[in-house]
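Worksheet for the structure shown next.
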Amino acid sequence: MSHESSLIHDLPHHTVRRAIVSEMQNNVYLVTAKETGQQILIDAADDLPAITTLLAEAGSDSQAPARLSLIATTHQHWDHVRALAGLVADTGAPTAAGAADAEGIAAECGVTTSRPLEHGDTVSVDGVELAAIHLRGHTPGSIAYVLETGDGSAPIIFSGDSLFPGGVGNTGQVPARFTQLLDDVEARLFDVYPDAIVLPGHGNPTTLAAERGSLTEWRARGW
74 MSHESSLIHD LPHHTVRRAI VSEMQNNVYL VTAKETGQQI LIDAADDLPA ITTLLAEAGS
134 DSQAPARLSL IATTHQHWDH VRALAGLVAD TGAPTAAGAA DAEGIAAECG VTTSRPLEHG
194 DTVSVDGVEL AAIHLRGHTP GSIAYVLETG DGSAPIIFSG DSLFPGGVGN TGQVPARFTQ
254 LLDDVEARLF DVYPDAIVLP GHGNPTTLAA ERGSLTEWRA RGW
C-alpha cells in the first residue's frame, strides 16, 4: 500500500487514511489527530498486516508520536471484525460499538466491547471526537461515526453498511427493517447535516448532497 493510496483526507486538525481489505473489499479507516498523535480506527476488518501498515503510514501525520487510542466498530457483521481480536491483542486499545451489537461482536470474535454506545453518545480521544449515530436496520446496533472537521467544511460520516452511494444497506428484504433504516438515515443524518462526506464500509465515498434527491425514490422502491 502506498502513502498516496491510504491518505484520503488531509484536514487542518486530522488525517483520514483508508485501507481496503479482504475479498469483500472492506474499508478500514484511521483518523489521526495532528496535534496529539492519538488515533481512532474504524472497523478492524480482515487483514491485520494491512492495518498494521496503515498505522505505520500514519506515524508521520502528527507532531506527537502516533498511538492507537480506540477501535470503533460500525456493526457486528463478521467481515467488519475479523482483525479486531488481533488488533486489540497487539495494541491494547479499548473498543467501542453499538450496545445492541456488543453481544454479536463478542460471539463473532471474542472481544468484549469496552464502550457500548447509544444514539447521541460521543467517543473521543485527545484530539479526535466522533458523534455516535445509531442507525437501526442493517443490524440492531449499527453505528455511524461523525467527525466534525473543525474548519467549517462538511463533516465526515463513517457510515458502515447503513448508507452507500445509491441507497441504504441490506435489510434482508424485511420491509420493517428497511423502513426503520431509511427512517433513521433520513432523520438522523439527512435532516441533521446539510451536507457531509459519506465514507461507507465498502466501496466508494459519496456525499449527503449527492444522495438527498433520491430518498423518495429509495422509499418507493423498498430497498
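My numbering runs 73 ahead of the 1-based position in the sequence shown.
Beta carbons are placed, not taken as given, at the ideal position from N, Cα and C, and that holds for glycine.
Where does the unbroken beta strand (DSSP E) through E130 begin, and where does it stop? Taking the first residue of the sequence shown as 1, we reach residue 130 at position 57. That residue, E130, is in no beta strand (DSSP E); its alpha helix (DSSP H) goes 121-130.
Contiguous beta strand (DSSP E) assignments of at least 3 residues, all confined to the region 122-182: 140-145, 168-171
Would you call the region 175-185 in contact with the region 236-255, where contact means no fewer than 3 C-beta pairs closer than 8 Å? no
May I ask you to verify whether the region 256-269 touches the region 113-121, counting CB pairs closer than 8 Å and requiring at least 3? no
Can you tell me whether DSSP reads R90 as helix, strand or coil? Taking the first residue of the sequence shown as 1, we reach residue 90 at position 17. R90 falls in the strand class under three-state DSSP.
Extract the residue ranges of the beta strand (DSSP E) inside the region 195-236, only unbroken runs of 3 or more that lie entirely within it. 195-198, 201-207, 216-220, 229-233
For the pair the region 151-167 and the region 191-208, tell me if three or more CB-CB distances fall below 8 Å. no
With 16 other Cβ atoms within 10 Å as the buried cut-off, status of T212: On the sequence shown, residue 212 is found 139 positions in, with the first residue counted as 1. T212 comes out buried.
If you check the beta carbons only, do L141 and T164 fall under 8 Å apart? On the sequence shown, position 68 is the one that residue 141 refers to. On the sequence shown, position 91 is the one that residue 164 refers to. Taking 8 Å as the Cβ cut-off, L141 and T164 qualify as a contacting pair.
Any contact of the region 119-129 with the region 224-237, i.e. 3+ C-beta pairs under 8 Å? no
Would DSSP call S273 helix, strand or coil? Taking the sequence shown and counting its residues from 1, one reaches residue 273 at position 200. Sequence check: residue 273 is Pro here, not Ser. Reduced to three states, the DSSP call for P273 is strand.
Verify whether the separation of the beta carbon atoms of E191 and A172 is less than 8 Å. Start at 1 with the first residue of the sequence shown, and residue 191 comes out as number 118. Start at 1 with the first residue of the sequence shown, and residue 172 comes out as number 99. In this structure, A172 lies closer than 8 Å to E191 by Cβ.
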